[in-house]
Every structure is written in structure tokens, then in C-alpha cells.
Amino acid sequence: MRTASKNNSSQQRVDHLGRSSACGSSSSPGARRAFGLILSCLVVVVGSAPASAESLKDALSAAYGYNPRLDAQRAFQRASDEDVARAMSGYRPTVTGNADIGIERTDQRPTSIFDGVTKPRGYGIDAVQPIFSGFRTYNAVNEAEANVRAEREVLRDVERSVLLQAVTAYMDVVRDQELVRLNENNVNVLSRELKAAQDRFAVGEVTRTDVAQAEARRADAVSRLDAARANLRTSRGSYQLVIGHPPSGLAWPGTPEEFLPRQMQEAIGVSNNEDPLVVASLFREQAGKYTVERIRGELLPTIQLEASYDDRFGTSKLTNEVETGSLVGRAVIPIYEAGDVYARVRQAKQNHLGLLQQIEQVRTEQTQNVVAAWSQLEAARAQLESDRVAVESNKVALQGVREEEKVGQRTLLDVLNAELEYLNSQVNLETTRRNLVVAAYAVISSMGRLDAAWIGAAAYVYDPNVHYKEVRRKWIGLSITYGDGRTETFEAQPQTEQGWDPVK
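Everything in the sequence shown is counted per my numbering, starting at 96 for the first residue and increasing by one.
Rendered as C-alpha cells:
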């Protein structure tokens, strides 16, 4: 898309994400200095004001950074990182302390030196260090890590879903804005037609029937305009829901043709290897395999080292203090666990088998999604050409009917019908243009490639590895980390919601 300024000294280009770049040259050094002064003033004025225009890239950036559904999934994904930390705890010692104080009274027959009241008290500390757990900890860590990787793919799936919703919401607003403009123009045209018909009726050139037909068409046009405005308000609401703020200055973006495969089979091949749900199913299968081994480890011996220290006071009339320390190596050999472990191993094997089957099921489902998205894209491409021909043909036909009506070869009804057909073809064209852009991004989404790294749509790209590395080997601490790096020790705080006005 290309627009020229009034002096034709600069041009603006818009890429497939609606990003604009200006190029041009001033006519003289003085003009350049003046332009620099003006620009510096504009920076001061505009710097604190909201942007007047928002490209598709800007909208995707906002959705990626502030969409609550995406933020929620990131929090769930960070929560899954803690499963690895929990599994790693199987390698670490367990240390407990204890203390007690009491009072005892002893009376014996015959009496003894031990009779009377004592106040036993003391404290102690115990530590247990696992040495061998039947490979349960090793398999538990691998199981948790596989599940973390699966959750990362679920996050990618939510991310592409949100970004596709953002594209859809953006294009819905752009389309509905154009439909409102077309219907407003149609109301203006029909208002002039009605006024002309009334004037001609006053001088006897047309009948009352012609005036009534013009009135009916204008009333229908007003109704269409009201419906278009209502649809625009609805689209603006959806935009606010997904993007996080009201739309402003949206424009038609191009289709991302350079990122689309040439053939459907290429898209299917990419989806089978890169689709988040497919990759997640592969990691879940790995986790299921480690689950079997973890449970099977309960049938193996365990070895642990136990250390304890106790210091007791006032245990008897003759003893002031008793200090005890011990270091014990203990082996536990399971002989029969009432059949529970065997049942859970068999259960885990069946679950693993189901996860294996789910891989093929997910691949089949995602292949169908690619086929459906590709079919919609091909249909939109073909429909776009037909709609363009229809618009041009109806435009020529309308001009011809108007000329013929002037010389009496056509009636006013013929003109009204031609105007309606021209409007309908324009509406169809704008709808198809919207469908084409959405279908193109739907194909990219079905391939598993619609993410922040691909679109370059964010000032930062959320990296799940940062939190994972932070907590994987963490021994102690209650604080949590937000997606933006903030920490919170006591209570998590939600994001502040942004208000909006759907009418603006």
C-alpha cells in the first residue's frame, strides 16, 4: 500500500504486519533543520500521548505482553517448574528438630530416692540422607522435566491461539470500520436520491411509487448502517478483550505471503514436527515412561543414612543431663506390598500406552486443522478475485443505469437496485479481504509457527528457562517470581485492569 503526501516528497510503505516506514528527502539543508526542529517539538508533545495509529504488529505486541489468558498460562507453566524442584528434593537430606518440657511425679512403695517431682526437658535434631532409592528420584526428576517441557508447549499453543485471536480481532475492527464507512456513504447517496425523487415528483416527472421506493431503500440503508455500527462496537469489545486496550487508527495490513508454504503438504510436514500440541504429546509420552520406572523403583531396596542428637535434662533425681548421639545406616528391602505397587505399575503402563496412541491422534487432528486452514486460504484467494471483478462490474453497471435513467430507458427502481448490488459487492470484497488475512495467519498458526519469535512483536520474548533455572536446584525460599521479573514473598498480586469505552 502506498500513499503520497501533499508535496509528493515522501512515500510510506506497509509490510505484511502493517509496519510503516517512510523515506524521502528534504529539498535543502534549511528545510532539514526546520524539519528537525518541528520533529523535536512533536516528540515533546506526542511522547506523553497515546499513539494515534496502531499497526497489526503493535496489536500483536500488546496482546503478547498484556493478555490475561497468556499471563495466566505463563503462571501455570512456572508452577510446573516447581515439580522439578520437588523431585530434586529426593536427593537432599531431611532435617527436623524437636524440643519438649514436662513434669512428672513418682511415688513408690516402699519409698525410694526416685520419689518426688521431676521436670524432664530436652531437645534434639534428626537428619536423614537418602543414599539409594531404587532410582525413584532419578526417574521422578526426568518425569517432572518431561512434564515441564510439555507445559512449555501448552504455553506455545495458548500463545498462538491468543495471537490468532488478536489478528482476528484486529481484522474484524478494520473490516467493520470499512463497512460502516460504506453504509454511511450509501445512506448519503440514497438521501440524495430520495431528495431528487421528491423534487421530481413535485414537478410531475416521477410518480408517488418512485418516491416510496426511494424512501424504502433509504430506510433499509439506515437500518444497515445501524447494524454495521453495532457490529463495530462488538468488534471493538472483542479487540479490547484480546489486545488489552481500545483500537485506534487501525489500517489494512497485507497478507504474510513470504511466510506461507507453497503447498499444503509442506504445511502438514511442518505441523507434524513443530505443532505445540504434537510436541507436547511427545513429551507427555516420555513422562509416562518415566512414571512407570519411578513406580517400579518402589520394589527395589532403599538405603539411607540417619543421624540424631538428643540432650535431656532432669530425667531423674540422680541424673542432671543425658546427651545421646547416633549415626545409623539403614537398608529397607520390600518383600510384599500387598499388591499395591504391582497394580500401580500395571496402571502406569496402560497410561503410557494411551499416551503413545495420543501422539498419532494429535497428529491426525492437527493435520486436519492444516487442511481446513489451507482450504479457507485457497477459497479466500479465489473469492477475492471474484469480488474485485464484481465490484468493478457493478460500478460500471451503476454508471450505465444512471445514464440510461436520465434518458428514460431505466426507472428509478433500476438505479436503486444497481446501487444496492454495488454496495453488496463492496461489502463482500471487504469481508473477503478480512477473511484472506485471517486465513493466512490461521495457516501459519496451524503449522505451529505463530509465536512472538516469528512475528518479532514484543519488546521482550518470555523465556521460560529463566524461572526454571532459578528454581530447579533451589533449596529454600518462599518468594515467587512474576513473568516480568518482580518477586513476591507473601501474596501474589493480579495485574491492574485497563478501562475502555466501546463507543469511542
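We put the beta carbon where it would ideally sit given N, CA and C, even for glycine. Predicted model, so just to flag it, every value in this text is computed and none were measured.
*Between A146 and V374, what straight-line distance do the alpha-carbon atoms span, to the nearest angstrom?*
Against the sequence shown, residue 146 aligns to sequence position 51. Against the sequence shown, residue 374 aligns to sequence position 279. Note that A146 scores a pLDDT of 45, beneath 50, so its modelled location is shaky; the value from the coordinates is reported in the next line. Going by the C-alpha atoms only, they are around 39 Å apart.
*Based on Cα-Cα distance, which residue from E416, R391, W347 lies nearest to G434?*
For the purposes of this step, residue 434 is identified with residue 339 of the sequence shown, where counting begins at 1. Nearest option by C-alpha distance: R391.
_A443 (DSSP reduced to helix, strand or coil)_ = Position 348 of the sequence shown holds residue 443. Note: A443 maps to helix in three-state DSSP.
*May I ask which residues mark the beginning and end of the beta strand (DSSP E) holding V211?*
Looking up residue 211 in the sequence shown gives position 116. Going by the sequence as given, residue 211 is Gly instead of Val. First-last of the beta strand (DSSP E) with G211: 211–213.
*What separation, rounded to the nearest whole angstrom, lies between the Cα atoms of E246 and G217?*
Counting from 1 along the sequence shown, the entry for residue 246 is found at position 151. Counting from 1 along the sequence shown, the entry for residue 217 is found at position 122. Using only the alpha carbons, I get a separation of about 48 Å.
*Among Q172, K290, Q272, which residue has its Cα nearest to the Cα of N242?*
Within the sequence shown, residue 242 is the residue found at index 147, counting from 1. The candidate whose alpha carbon is nearest that of N242 is Q172.
*Just checking my contact of A405 with G219 at CB under 8 Å: how many whole Å lie between their CB atoms?*
By 1-based counting over the sequence shown, the position of residue 405 is 310. By 1-based counting over the sequence shown, the position of residue 219 is 124. It is worth fixing the name first, because residue 405 is Asp in this sequence and not Ala. With 8 Å as the limit, D405 and G219 qualify as a contact, their Cβ atoms being about 4 Å apart.
_Among the candidates T206, Q168, A222, whose CA atom is the shortest distance from the CA of G192?_
Numbered from 1 along the sequence shown, position 97 holds the residue referred to as residue 192. It is A222.
*Are the beta-carbon atoms of V486 and S520 separated by less than 7 Å?*
Here residue 486 refers to the residue found at position 391 of the sequence shown. Here residue 520 refers to the residue found at position 425 of the sequence shown. Yes, they are a contact pair.
*Mind pulling the beta strand (DSSP E) runs of 3 or more residues that sit fully within the region 200–252?*
211–213, 216–227
*What is the residue span of the alpha helix (DSSP H) that Y563 lies within?*
As a working mapping, residue 563 is identified with position 468 in the sequence shown. Y563 -> alpha helix (DSSP H) spans 559–567.
*What do you get for D153, buried or exposed, if any count of 16 or more other CB atoms within 10 angstroms of its CB means buried?*
One-based indexing of the sequence shown puts residue 153 at position 58. Buried is the call here.
_Give me, in chain order, the residues of the same chain whose beta-carbon lies closer than 6 Å to that of Y563; leave out the 5 immediate sequence neighbours on both sides._
For the purposes of this step, residue 563 is taken as residue 468 along the sequence shown, with counting starting at 1. Within the same chain, Y563 has close Cβ partners D176.
*Range covered by the alpha helix (DSSP H) that runs through E516*: For the purposes of this step, residue 516 is taken as the residue at position 421 of the sequence shown. Here the alpha helix (DSSP H) through E516 covers 507–542.
_Continuous alpha helix (DSSP H) stretch holding Q335: start and end_ = Counting from one through the sequence shown, the residue named residue 335 turns up at place 240. First-last of the alpha helix (DSSP H) with Q335: 303–338.
*asked:* To the nearest angstrom, how far is the alpha carbon of Y161 from that of P342?
replied: Looking up residue 161 in the sequence shown gives position 66. Looking up residue 342 in the sequence shown gives position 247. Their Cα atoms are separated by approximately 15 Å.
*Through-space distance from Q358 to R528, alpha-carbon basis*: Numbered from 1 along the sequence shown, position 433 holds the residue referred to as residue 528. Numbered from 1 along the sequence shown, position 263 holds the residue referred to as residue 358. Cα-Cα distance, rounded: 21 Å.
*Mind reading off the beta-carbon distance from S366 to G543? Whole number of angstroms is fine, and I expect it under 8 Å.*
Taking the first residue of the sequence shown as 1, we reach residue 366 at position 271. Taking the first residue of the sequence shown as 1, we reach residue 543 at position 448. Their Cβ separation, rounded to whole angstroms, is 6 Å, which keeps S366 and G543 in contact under 8 Å.
*Measure how close the beta-carbons of S286 and R319 come, nearest whole angstrom, since I'm counting them as under 8 Å.*
Your numbering for residue 286 matches position 191 in the sequence shown. Your numbering for residue 319 matches position 224 in the sequence shown. Not confirmed; about 14 Å, so no contact.
*Touching by the beta-carbon criterion (3+ pairs, under 8 Å), the region 421–428 and the region 439–451*: no
*Pull up the distance between the alpha-carbon of E273 and that of L345, whole angstroms please.*
Looking up residue 273 in the sequence shown gives position 178. Looking up residue 345 in the sequence shown gives position 250. Whole-angstrom Cα-Cα distance: 11 Å.
_Could you check whether the region 225–232 touches the region 182–191, counting it as contact only if at least three pairs of C-beta atoms, one from each stretch, sit closer than 8 Å?_
yes
*Where K501 and V284 are concerned, what is the direct C-alpha to C-alpha distance, given to the nearest angstrom?*
The residue labelled residue 501 in the question sits at position 406 within the sequence shown. The residue labelled residue 284 in the question sits at position 189 within the sequence shown. Roughly 17 Å between the two C-alpha positions.
*If you draw a straight line from the alpha carbon of E516 to that of Q461, how long is it in whole angstroms?*
Counting from 1 along the sequence shown, the entry for residue 516 is found at position 421. Counting from 1 along the sequence shown, the entry for residue 461 is found at position 366. So the two alpha carbons sit approximately 40 Å from each other.
_Whole-angstrom distance between S376 and G420, CA atom to CA atom_ = Counted from its first residue, the sequence shown places residue 420 at position 325. Counted from its first residue, the sequence shown places residue 376 at position 281. Those two C-alpha atoms are separated by around 51 Å.
*By how many angstroms is the C-alpha of D305 removed from the C-alpha of L508?*
Counted from its first residue, the sequence shown places residue 508 at position 413. Counted from its first residue, the sequence shown places residue 305 at position 210. Using only the alpha carbons, I get a separation of about 7 Å.
*Give, in chain order, every unbroken run of the alpha helix (DSSP H) that is at least 4 residues long and sits entirely within the region 391–426.*
none
*asked:* For Q360, count the other beta carbons within 10 Å of its own beta carbon; 16 or more makes it buried, fewer makes it exposed. Which is it?
replied: Residue mapping note: residue 360 aligns to position 265 of the sequence shown, counting from 1. Exposed is the call here.
*How many whole angstroms separate the CB atoms of V465 and A362, which I take to be in contact at a CB cut-off of 8 Å?*
Stepping through the sequence shown from its first residue, residue 465 is reached at position 370. Stepping through the sequence shown from its first residue, residue 362 is reached at position 267. Right, the Cβ-Cβ distance comes to about 5 Å (below 8 Å), so this counts as a contact.
*Does the separation of the CB atoms of D546 and E254 fall below 7 Å?*
The residue labelled residue 546 in the question sits at position 451 within the sequence shown. The residue labelled residue 254 in the question sits at position 159 within the sequence shown. Going by C-beta atoms, D546 is nearer than 7 Å to E254.
*Smallest Cα separation from T389: which of V436, N415, D271, G349?*
Within the sequence shown, residue 389 is the residue found at index 294, counting from 1. In the sequence as displayed, the identity of residue 389 is Arg instead of Thr. Among V436, N415, D271, G349, the Cα nearest to that of R389 is on V436.
*Inter-residue CB distance, V533 and V262 (contact presumed, cutoff 8 Å)*: Against the sequence shown, residue 533 aligns to sequence position 438. Against the sequence shown, residue 262 aligns to sequence position 167. Between V262 and V533 the Cβ distance is about 6 Å, and since that is below 8 Å, they are a contact.
*Do the CB positions of L531 and L479 come within less than 7 Å of each other?*
Taking the sequence shown and counting its residues from 1, one reaches residue 531 at position 436. Taking the sequence shown and counting its residues from 1, one reaches residue 479 at position 384. Yes; because the gap between Cβ atoms is below 7 Å, this pair is in contact.
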